[in-house]
Amino acid sequence: MSKVIKIGLLGSGTVGTGVVRVLKENGADIAKKAGAAVVVKKVLVRDVNKKRPYLEDVELTDNAQEIVNDPEIDIVVELMGGLHPAFEYMMEAMKNGKHVVTANKDVVAQMGHELLDMAEAKGVDFRFEASVGGGIPIITPLKECLTGNRITEIMGIVNGTTNYMLTQMTEKGSDYAAVLKEAQEKGYAEANPAADVEGLDAARKAAILGSIAFNSRVSLDKVSVEGITHIEPADINYAKELGYVIKLLAVAKDYGDKGVNVRVHPVFLAKTHPLASVNDVFNAIFIRGNAIGDAMFYGRGAGSLPTASAVTADIVSETRNLVSGTHSMVGCTCYNHRNFCPLEETESSYYVRLHVDDEPGVLGRIATAFGESGVSLKSVIQTRKVENHAEIVAVTHVVQHKHLQMAADILNGLSVVNSIRSVIRVEQD
Ligand code: NAP
Ligand code: HSE
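Read in order, the letters of the sequence shown correspond to residues 14 to 442 in this note's numbering.
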């Protein structure tokens, strides 16, 4: 094969090393599929003296200009992470006529619009398959394979770190801090794992998915975010007892005339739901479309090789385009301007765990607080005593979020209520 496409990597840590490894180990097949050999010409790193597996024979640099301005480089692959200078480097590469591939959801969620505009202006492609769901193909399927659908709902387990943690805490009763450390050691967690456990990583992915699904830009500041930091072992145990598992979900839902809502929060998910058996670092994205019905995409959501798989797919697509002298037909798909449905207007069933005074009449006062707020209760259980308090768990029927908030405000004002320990949405099959 005579044709060679040269790529430059901006960053070669967990994912970048995986990409170099995949291109080396599967290079012969990739060249046949792409119609050209894909060669890594140069790699940007912070520390050029650090020993790096699989990169022994690749030229390293700590100067990004040597990549984004190199006329021999056709595709720039950004795998350094963070907003800046990753954004500026990608913009510069596209200005120089290079196609850009990234796995960086921070930058796609917050500056995707500018990047896609620049790609269009320069007649190049900006691809970001690995930015959501790690190795799972989801961006291309949404933009291309499902393009004939009106998407009404997406529910996704899109953060490998928290799914790993919740699985270990559920199945092994593992300690929160210990499983977070394990997830970091396995290369799943972000540089600052607060982004994982506080839900921000999932929110970035939710904004990307929502924008593509609803053909309308969902800015990150519109996404309501709740992580898993407040989940206690008691919640995990109640979930088990009641027939649920706790999962951190990214939800994007079309509420018709009210608009669309995109959010991230933990849920009590019925054990029979297809997402309930998605465990450990695995991610899955459940999609409802008006033609396909329900569909689910499942795979490893983080880690070196799985993420490299998605990045490599984008590199191969661009190589094919370069070989055939074209560029992709699908750029920015946000041609609509949908209203955003406020969280208060969304509906769900809720699990509420309270610590209350253990005395006669308390249950009645609690039931009245829910009733006054228009919240109908499906079940109430009182099985445990915690220190000097009784622990009560109520599961509501489906109510608007604002009614649940109203009930919580009244409950917080009752002298017999010591604390509301948890409020978690419940999702049935
Ligand atoms: P990482 O292990 O921290 O690697 C980052 C790489 O970028 C390192 O090689 C680092 O150089 C280089 N770098 C960072 N800032 C730089 C700067 N200012 N100048 C020069 N080099 C710089 O990160 P990662 O886990 O591979 O993640 C890369 C991207 O993929 C992120 O956007 C992340 O969100 C995304 N992603 C990661 C995963 C995953 O499972 N890890 C999955 C999906 C998407 P040194 O090596 O010299 O420090
Ligand atoms: N920290 C992320 C996760 C990496 O745990 O899913 C993949 O984006």
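Just so you know, even glycine gets a beta-carbon here, dropped at the ideal spot from N, CA and C.
Using the rule of at least 16 other Cβ atoms within 10 Å of the residue's Cβ for burial, across every protein chain shown, is I305 buried or exposed?
Your numbering for residue 305 matches position 292 in the sequence shown. Per the 10 Å Cβ criterion, exposed.
Please give me, in chain order, every unbroken run of the alpha helix (DSSP H) with length at least 4 that falls completely inside the region 66-124.
For the region 66-124, whole alpha helix (DSSP H) runs of length 4 or above, ordered along the chain, are 78-81 and 99-108.
Looking at T180 and the ligand HSE, is the gap between the Cβ and the nearest heavy atom below 7 Å?
Here residue 180 refers to the residue found at position 167 of the sequence shown. T180 Cβ: outside cutoff for every heavy atom of the ligand HSE.
Using CA coordinates, which residue listed in A77, D119 and G94 is at the minimum distance from Y102?
Position 89 of the sequence shown, counted from the first residue, corresponds to residue 102. Ranking A77, D119 and G94 by CA distance to the CA of Y102 puts A77 first.
Could you have a look at L447 and say whether DSSP puts it in helix, strand or coil?
This structure cannot settle anything about residue 447, because the visible part of the chain is limited to 14 through 442.
Out of G374, G200, L23 and V399, which one is the CA nearest neighbour of S432?
As a working note, residue 432 is residue 419 in the sequence shown. Distances from the CA of S432 to each of G374, G200, L23 and V399 were compared; the closest alpha carbon is that of V399.
Would you mind sorting K218 into buried or exposed? The rule is 16 or more other CB atoms within 10 Å of its CB.
Position 205 of the sequence shown, counting from 1, holds the residue named residue 218. With 16 or more Cβ atoms within 10 Å of its Cβ, K218 is classed as buried.
T183 versus V264 - alpha carbon distance
The residue given as residue 183 occupies position 170 in the sequence shown. The residue given as residue 264 occupies position 251 in the sequence shown. For T183 and V264, the distance between alpha carbons rounds to 22 Å.
Report the three-state DSSP secondary structure of G426 (helix, strand or coil).
To locate residue 426, count along the sequence shown from 1; it is residue 413. For G426, the three-state secondary structure derived from DSSP is helix.
Buried or exposed: S144, going by 16 or more other Cβ atoms within 10 Å of its Cβ?
If you number the sequence shown from 1, residue 144 lands on position 131. Label assigned to S144: buried.
The ligand HSE heavy atom lying under 7 Å from the CB of K194:
Here residue 194 is taken as the residue at index 181 of the sequence shown, counted from 1. No, Cβ of K194 sits at least 7 Å from all heavy atoms of the ligand HSE.
V32: which of K45, R65, Y268 and S15 sits nearest, CA to CA?
In the sequence shown, counting from the first residue as 1, residue 32 sits at position 19. For V32, the nearest C-alpha among the options comes from R65.
Please list, in chain order, all residues of the same chain as F227 whose beta carbon is under 8 Å from its beta carbon, the five residues on each side excluded.
Residue 227 sits at position 214 when you count from the first residue of the sequence shown. Excluding sequence neighbours, F227 sits near I164, A265, D267, V273, N349 and R351.
Helix, strand or coil for Y364 per DSSP?
Against the sequence shown, residue 364 aligns to sequence position 351. When DSSP states are grouped into helix, strand and coil, Y364 belongs to the strand group.
What three-state label does DSSP hand P279 in the structure shown?
Translated into the one-based positions of the sequence shown, residue 279 becomes position 266. Three-state DSSP puts P279 in a strand.
Are N296 and G169 closer than 8 Å when you measure CB to CB?
Here residue 296 refers to the residue found at position 283 when the sequence shown is read from its first residue. Here residue 169 refers to the residue found at position 156 when the sequence shown is read from its first residue. Contact flag set, yes.
Could you please give the first and the last residue of the uninterrupted beta strand (DSSP E) stretch that includes N62?
Within the sequence shown, the letter at position 49 stands for residue 62. Taken as a continuous stretch (DSSP letters only), N62 belongs to no beta strand (DSSP E), as it is neither H nor E.
Contact between the region 49-62 and the region 135-155 is defined here as three or more beta-carbon pairs at a separation below 8 Å; is this criterion met?
Because the criterion of three Cβ pairs below 8 Å is not met, the region 49-62 and the region 135-155 do not touch.
Run of the beta strand (DSSP E) containing D307, from where it starts to where it stops
Within the sequence shown, numbered from 1, the residue matching residue 307 stands at position 294. Segment G306 to R313, the beta strand (DSSP E) holding D307.
If you drop the 5 nearest sequence neighbours on each side, which residues of the same chain put their C-beta closer than 8 Å to that of K253?
For the purposes of this step, residue 253 is identified with residue 240 of the sequence shown, where counting begins at 1. By the criterion of a C-beta distance shorter than 8 Å, K253 is surrounded in its chain by T183, once the five residues flanking it on both sides are discounted.
Tell me whether the region 407-419 and the region 380-397 touch, counting them as touching only if at least three CB pairs, one residue from each stretch, are closer than 8 Å.
Short answer: they touch.
Would L390 pass as a contact of A407 if the rule is Cβ separation under 8 Å?
Walking along the sequence shown from the start, residue 390 turns up at place 377. Walking along the sequence shown from the start, residue 407 turns up at place 394. Inclusion of L390 and A407 in the CB contact set at 8 Å is warranted, their separation being smaller than that value.
When you compare each of A122, A99, T30 and D119 to V113 by their alpha carbons, which one comes out closest?
Start at 1 with the first residue of the sequence shown, and residue 113 comes out as number 100. Ranking A122, A99, T30 and D119 by Cα distance to V113 puts A99 first.
Just how far apart, CA to CA, sit L222 and G374?
Taking the sequence shown and counting its residues from 1, one reaches residue 222 at position 209. Taking the sequence shown and counting its residues from 1, one reaches residue 374 at position 361. A straight line joining the alpha-carbon of L222 with that of G374 spans about 48 Å.
For E203, does the three-state DSSP call read helix, strand or coil?
Your numbering for residue 203 matches position 190 in the sequence shown. Of the three classes helix, strand and coil, the one that applies to E203 here is coil, per DSSP.
Using the Cα positions of D270 and V71, report the straight-line distance between them to the nearest angstrom.
For the purposes of this step, residue 270 is taken as residue 257 along the sequence shown, with counting starting at 1. For the purposes of this step, residue 71 is taken as residue 58 along the sequence shown, with counting starting at 1. Whole-angstrom Cα-Cα distance: 54 Å.
Any heavy atom of the ligand HSE within a distance shorter than 7 Å of the CB on G125?
Working through the sequence shown from its first residue, we reach residue 125 at position 112. Incorrect: G125 has no Cβ contact closer than 7 Å to the ligand HSE.
Should M93 be listed as close to the ligand NAP, given that the test is whether its C-beta is under 7 Å from any heavy atom?
Residue 93 sits at position 80 when you count from the first residue of the sequence shown. Flag set: Cβ of M93 near the ligand NAP.
Taking 7 Å as the cut-off, is the CB of T320 close to at least one heavy atom of the ligand NAP?
The residue given as residue 320 occupies position 307 in the sequence shown. For T320, the shortest separation between its Cβ and any heavy atom of the ligand NAP lies below 7 Å.
Give the DSSP bridge partners of V238, in chain order.
As a first step, residue 238 is located in the sequence shown; it is residue number 225 there, counting from the start. BP columns for V238 point to V277.
Do D422 and the ligand HSE come close, with the Cβ less than 7 Å from some heavy atom?
One-based indexing of the sequence shown puts residue 422 at position 409. Using a cutoff of 7 Å, the CB of D422 does not count as near the ligand HSE, since none of the ligand's heavy atoms is closer than that.
Bridge-paired residues (DSSP) for F139:
Translated into the one-based positions of the sequence shown, residue 139 becomes position 126. For F139, which the question treats as bridged, DSSP gives the partners V113.
Looking at the unbroken beta strand (DSSP E) that takes in N250, where does it start and where does it end?
By 1-based counting over the sequence shown, the position of residue 250 is 237. That residue, N250, is in no beta strand (DSSP E); its alpha helix (DSSP H) goes P246 to L255.
Look up K454 in the DSSP assignment and give the residues it is bridged to.
With the chain represented from 14 up to 442, any question about residue 454 goes unanswered, as that position is not in the structure.
Opposing strand residues paired with V210 [DSSP bridges]:
Reading the sequence shown from its first residue, position 197 is the one you call residue 210. V210 pairs with nothing; no bridge assigned.
Please classify D209 as buried or exposed, where buried requires at least 16 neighbouring CB atoms within 10 angstroms.
Looking up residue 209 in the sequence shown gives position 196. So D209 counts as buried.
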